Amino acid sequence: MQSYISKSMQSYIVIGEGFMEYYPRVFDKILEEYLEIVGAVVIVGPKWCGKTTTATRYAKSVLKLENQDNRKSHMLLADIKPSVLLEGEKPRLIDEWKIAPVMWDAVRTSVDKLSGYGLYILTSSTSVDNSKIMHTGTGRFVRLIMMPMSLFESKESNGKISIIDLFNNPNLNIDGIKSDLTIEGLIFAACRGGWPDSLNRKTKKDQLAVPYNYLRNIYENDISTIDGVKRDSKKVKSFLKAYARNISTIVKNTTLINDIKTNYSNITPNTFYNYRNVLERLFVISNINSWNPNIRSKTSIKSISKKEFIDPSIAVAALNLNPKRLLHDLDTFEPIFENLCIRDLTVYTSHYGGEISYYSDKLGLEVDCVIHLRDGRYCLIEFKLASFEIDSGAENLLKLKELIQKKGLKEPSFLAVVTGGEFAYTREDGVKVIPIGVLR
């Protein structure tokens, strides 16, 4: 049975004998467009974010290399005659192709031979070892990163304000637009995460278990199977916990190493960086780089990456937290909220080449988020969970804008404070105040 319904009624996908609701993704449109202009699309991203489910809806034939029933024969064919595995109606999905890296060059050769578009979709939950690929595939492949689901995709944000609409019309009237998301709902969504599988679980308890299972799978299995190097799962777990304690902060790696040493005194910098690099390849860690707009001397701009996860639920699971505890400890939730906002804004701007960074200088001025679009436009954003923090957030934004103006540089399209509050509005100073529960 083919595992998708026609694209005009893609509300459900077939799972066994039953139906599982499909939540439309921002990524859908991106994938559709690239299938019309390149020979092969490579979808990468964290496990369980929905890569295979989404890709299957656009594929007309599927090869699952992780299928244990056929894996041995597939691997033999990959070694002897990989072109046989490419036979099938196009677009053909090669799921988890990294298991047999030779498939990359086989697909590249096939694309050259067939001279068409939308021929193959390749998925992978890790970045690949380029040393095992003979040719890069430039001009034939495009690599797209798929994120976990945003609040709009999980239907928890009503999406009444589009971040792109604000770029196109900075004077857009947003006054009085209301979020339907309560603080309890926001905390639950952060704890559950943007994992599609969790949304089809019947109980909240089962939904909250998904990120814990995800994290366990990472440090018990994937951390070692990615390259065949055995790693200590307990040390990896301690690494993730230290990272989670410092989520959304500009902390030095030496501080994290010292944190881990409280449990494992023999942890070395080499081990730390090895774990970090592998977790980046697994799309677990998603750090944010600093932005240097040349308004201060280079030595004044902090260059340390801000520590983030691909999804806030990973931090929650690593710290063994739950919605009830976080509701009574909003100080702990605030950096988790920032991680959630960064995830969502990454999704909402992905179709326009959005890249996220932060600003921080040694004179004490910080701005949580700078979003640059492909066309050169950018905006400045602060994340403030509580309403009493909005003034300080707006003050930071206006100070940075003033510095940019004094240097005669291109000004931001708009300034915004994204909150966990209820109503959107524009302040007298022009700064937009936007609840995360109305964004898309």
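Letter by letter, the sequence shown follows residues 1 to 440 in the numbering used here.
C-beta atoms are modelled at their ideal positions from N, C-alpha and C, and glycine is treated no differently.
Since the structure is predicted, the reported quantities are computational estimates derived from the model, not experimental observations.
Around the beta carbon of residue 409, fewer than 16 other beta carbons lie within 10 angstroms, which makes this residue exposed. For residue 411, no beta strand (DSSP E) encloses it, and the DSSP letter there is neither H nor E. Of the residues 52, 311 and 126, the one whose Cα lies closest to the Cα of residue 340 is 311.
Close CB contacts of residue 142 within its chain, under the 6 Å cut and outside five residues either way in sequence, are with 34, 38 and 41 (chain order). In the DSSP annotation of this structure, the continuous segment of the beta strand (DSSP E) that includes residue 435 starts and ends at 432-435.
Residue nearest to residue 303 within the set 362, 257 and 256 is 362 (criterion: CA-CA distance). Judged by DSSP in its simplified three-state form, residue 49 adopts coil rather than helix or strand. Runs of the alpha helix (DSSP H) lying entirely within the segment 337-396, each at least 4 residues long, are absent. Residue burial annotation: residue 346 is buried, with at least 16 other C-beta atoms found within 10 angstroms of its C-beta.
Residue 184 carries a helical assignment under DSSP once its states are collapsed to helix, strand and coil. Only residues of its own chain outside the window of five on either side were considered, and among them 295 have a CB closer than 6 Å to the CB of residue 403, listed in chain order.
Apart from sequence neighbours up to five positions away, the residues of its chain that approach residue 107 with a beta-carbon distance below 6 Å are 40 and 120, ordered along the chain. With contacts defined by Cβ atoms closer than 7 Å, residue 380 and residue 353 do not form a contacting pair. Between residue 318 and residue 241, the C-beta gap is smaller than 7 Å, which places the two residues in contact. The beta carbons of residue 192 and residue 313 sit about 6 Å from each other, so the pair counts as a contact at 8 Å. Taking the C-beta atoms as reference points, residue 199 is found nearer than 7 Å to residue 154. In this structure, residue 224 sits near residue 231, with a CB-CB distance shorter than 7 Å. Note that the C-beta distance between residue 367 and residue 357 is not below 7 Å. Scanning 421, 350 and 307 for the CA closest to the CA of residue 164 turns up 350.
Around the beta-carbon of residue 92, 16 or more other beta-carbon atoms lie within 10 Å, marking it buried. Under the DSSP assignment, residue 145 falls in the beta strand (DSSP E) whose first and last residues are 141-145. Looking at 420, 342 and 146, the one whose alpha-carbon comes closest to that of residue 51 is 146. If you ignore the 5 residues before and after residue 291, its C-beta comes within less than 6 Å of the C-beta of 357, 359 and 370, all in its own chain and listed in chain order. Two segments are said to touch when three or more pairs of C-beta atoms, one from each, lie closer than 8 Å; by this definition the segment 381-393 touches the segment 412-432. Boundaries of the alpha helix (DSSP H) harbouring residue 109: 102-114, taken from the DSSP string. Of all alpha-carbon atoms in 435, 44, 57 and 36, the one lying nearest the alpha-carbon of residue 22 is that of 57.
Sixteen is the threshold: since fewer than 16 other Cβ atoms of the shown chains lie within 10 Å of the Cβ of residue 273, the residue is exposed.
For residue 64, the enclosing beta strand (DSSP E) covers residues 61-64. For the segment 176-244, the continuous alpha helix (DSSP H) assignments of 4+ residues that do not extend past its boundaries occur at 183-192, 196-199 and 204-217, in sequence order. By the Cβ rule, the segment 208-220 does not count as touching the segment 251-267, because fewer than three pairs are nearer than 8 Å.
Annotation note: the segment 291-324 contains the following uninterrupted alpha helix (DSSP H) runs of length 4 or greater, listed N- to C-terminal: 312-318. One alpha carbon belongs to residue 60, the other to residue 89, and they sit about 6 Å apart.
DSSP places residue 28 inside the alpha helix (DSSP H), whose first and last residues are 26-35.
Following the DSSP letters along the chain, one finds residue 123 inside the beta strand (DSSP E) bounded by residues 120-124. In the same chain as residue 246, and ignoring 5 residues on each side of it, the C-beta atoms closer than 8 Å to its own belong to 255, 256, 259 and 307, in chain order.
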